[in-house]
Amino acid sequence: MANSKVSQVIEETQKNIKRKWKFIEGKERLIVYIGLALAFILIVGFIIMIDRGMEERYLLQMKFDSEKSFNSVYMAMNDSSNKALSVMAEEGVSGIGIYSSSGQLYQRLGDAPIKLPLSKLVQGRRSGQDSTLGIYIMDNDTKEIEYFRLSRLNVVLETGSLFQSRNDNPSLSATTEFPEIIYVKFDASEYFNNVIRARILSAIGIFVRFLLLMIILSIYNNNRKYRIQLQKNESLAKLGAAARTLTHEIKNPLSAMTIQSALMRKLLPQEFHQDLDVMDHEITRLTNLTNRVSEFLKNPAGNPSDIELVSFISEIARLFKNDIPVDADIDNVVVSFDQDRARSVFENLIKNATESCDDRDPQVSVEIRVRHKVVTVKVMDRGNGLPKQTKENLFDPFFTTKIHGSGIGLSISKQFVEARDGSLKLYDRDGGGTVAEVSLPTKS
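When we follow our numbering, the leftmost residue of the sequence shown carries the number 14, and every step to the right adds one.
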């Protein structure tokens, strides 16, 4: 008893694992695409973060070098203009000027402006370019940096360098304390080149990873295509084995039974012929079944020709006893399909729908829609629906839920449709019942 319970638990666990794996297989492509997209986004984000970090490091290094150069030049100015010019050349400073808070020039060297550009100073403050000691304005076109230093310093001004001399303003002395704005212009080509280099490397990194993503997707899609083809080949192998069984184990006895039935029809009185008709009907059905499988294995595509699908399906629907409405959003749609195989597919699907329940009208209907050069045919019913435990086996050869079914119809129908680059799938209908959906490319 205990062993029986353990076996049941193990069997149930295996079924649950199989169902979960089937679900994952069904969503595999979506999961792979989402996973690769998320990985790519994370990698790009990481590259951008590294790029921003490098740019921030270059900026801090530039500010440090600028502050160092400013201090060197400023100290040299207190000694002499010639020494200051020499230090400016060494430090990459193209101009330095000392101004009042109103922008009036006190002293300048190099190409510092005569009038302080206060508008740039205000703009720099508004854009949040303040550093600890001053404001940096970076010019991407000239690759120069203008640095505004705000302070109250005791600067020794050389009388000959003043634009406003003591003759103009007797209150000025050679050594005067002013609330100054110190302006320095630096050559920042190295900083800008480093930033551009970092951005180029980041762009190359993103591009390389994008190519890698495309290669991975290509490999995955190729593998997926090979796996699908392998599954088809396995299905064909199953059908091939079944066909050989049918041919050797069934078809030969059927031939003997056909001969014996014809002989009995001659020897027996007329009253027994009705029973012989039943036997002949079953012999014919089994013979046709073996012929269909053998024919499919030889040439699944058959001899394709142009079929106007709306009238073709409407004609098939009229063969059944129940009134089966055909709703199409287009009057004419042409597909390339072998007529006998197309008839076999749609007759089988409609027949399955009409037999989907015994105790009520299955309310079978057909819907035909065309979207983007693909026609979709839905055979819908309000029957008992798909069996939950065996959904994954519906297209397996010789699998059937019917007492008198052969289990070959859906499997062959699927192969016929896929041989013409189409698809066949079954799923539950909203509100109860089943939908058999066939998608085929239209004839251009």
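Built from N, CA and C at the ideal position, the CB exists for glycine as well.
Inset, instruction - Determine the burial state of Asn365: buried for a count of at least 16 other Cβ atoms within 10 Å of its Cβ, exposed for fewer. - result: buried
Legend entry - Contacting residues, own chain, Cβ-Cβ under 7 Å from Leu98 (five flanking each side not counted): Leu122
Inset, instruction - Per DSSP, which residues does Phe199 bridge with? Please list them. - result: Val106, Ile158
Legend entry - contact_flag[the region 82-102, the region 212-231] where n(CB pairs < 8 Å) is 3 or more: Short answer: they don't touch.
Inset, instruction - Take the Cβ of Gly445 as the centre, count every other Cβ of all protein chains shown within 10 Å, and call the residue buried at 16 or more, exposed below. - result: That one is exposed.
Inset, instruction - Report the rounded CA-to-CA distance for Asp78 versus Asn234, giving the unit in angstroms. - result: Computed Cα separation, rounded: 53 Å.
Inset, instruction - Please classify Gly147: is it buried, with 16 or more other beta-carbons within 10 angstroms of its beta-carbon, or exposed? - result: buried
Inset, instruction - Please classify Ser318: does DSSP put it in a helix, a strand, or coil? - result: strand
Inset, instruction - Specify the secondary structure class of Arg65 as computed by DSSP and reduced to three states. - result: helix
Legend entry - Simplified DSSP assignment, three categories, for Ala432: coil
Legend entry - Residue from Lys438, Tyr119, Ser113, Ala201 whose Cα sits closest to the Cα of Thr155: Residue Ala201 is the option with its Cα nearest to Thr155.
Inset, instruction - Please name the residue, chosen from Gln376, Tyr196, Phe205, that lies closest to Met75 on a Cα-to-Cα basis. - result: Phe205
Inset, instruction - Report yes if the C-beta distance between Asp353 and Ala314 is below 9 Å; otherwise report no. - result: no
Inset, instruction - Indicate whether the contact test is met: 3 or more Cβ pairs, each with one atom in the region 378-388 and one in the region 326-344, closer than 8 Å. - result: yes
Legend entry - Endpoints, alpha helix (DSSP H) assigned at Pro126: Taken as a continuous stretch (DSSP letters only), Pro126 belongs to no alpha helix (DSSP H), as it is neither H nor E.
Inset, instruction - Determine, using beta carbons only, whether Asp459 and Ala211 come nearer to each other than 9 Å. - result: An answer regarding residue 459 cannot be provided, because it is not within the stretch 14 to 457 covered by the chain.
Legend entry - Backbone CA spacing between Lys81 and Phe199 [nearest angstrom]: Phe199 has its alpha-carbon roughly 12 Å from the corresponding atom of Lys81.
Legend entry - For Ser452, three-class secondary structure by DSSP: strand
Inset, instruction - Specify, as a first and last residue, the run of the beta strand (DSSP E) that Ser378 falls within. - result: Start and end: 378-384.
Legend entry - Where Gln283 falls: helix, strand or coil (DSSP): helix
Legend entry - Reduced DSSP secondary structure (H/G/I, E/B, other) of Leu224: Looking at Leu224 - three-state DSSP - the assignment turns out to be helix.
Inset, instruction - Check whether the Cβ atoms of Asn153 and Met67 sit closer than 9 Å, and answer yes or no. - result: Taking C-beta atoms as the reference points, Asn153 and Met67 fail to come closer than 9 Å.
Legend entry - Length of the line joining the Cα atoms of Ile232 and Lys238: As the crow flies, the alpha-carbon of Ile232 is around 10 Å from that of Lys238.
Inset, instruction - Return the chain-ordered list of same chain residues with a C-beta closer than 7 Å to the C-beta of Phe333, the five sequence neighbours on each side being excluded. - result: Ile363, Thr367
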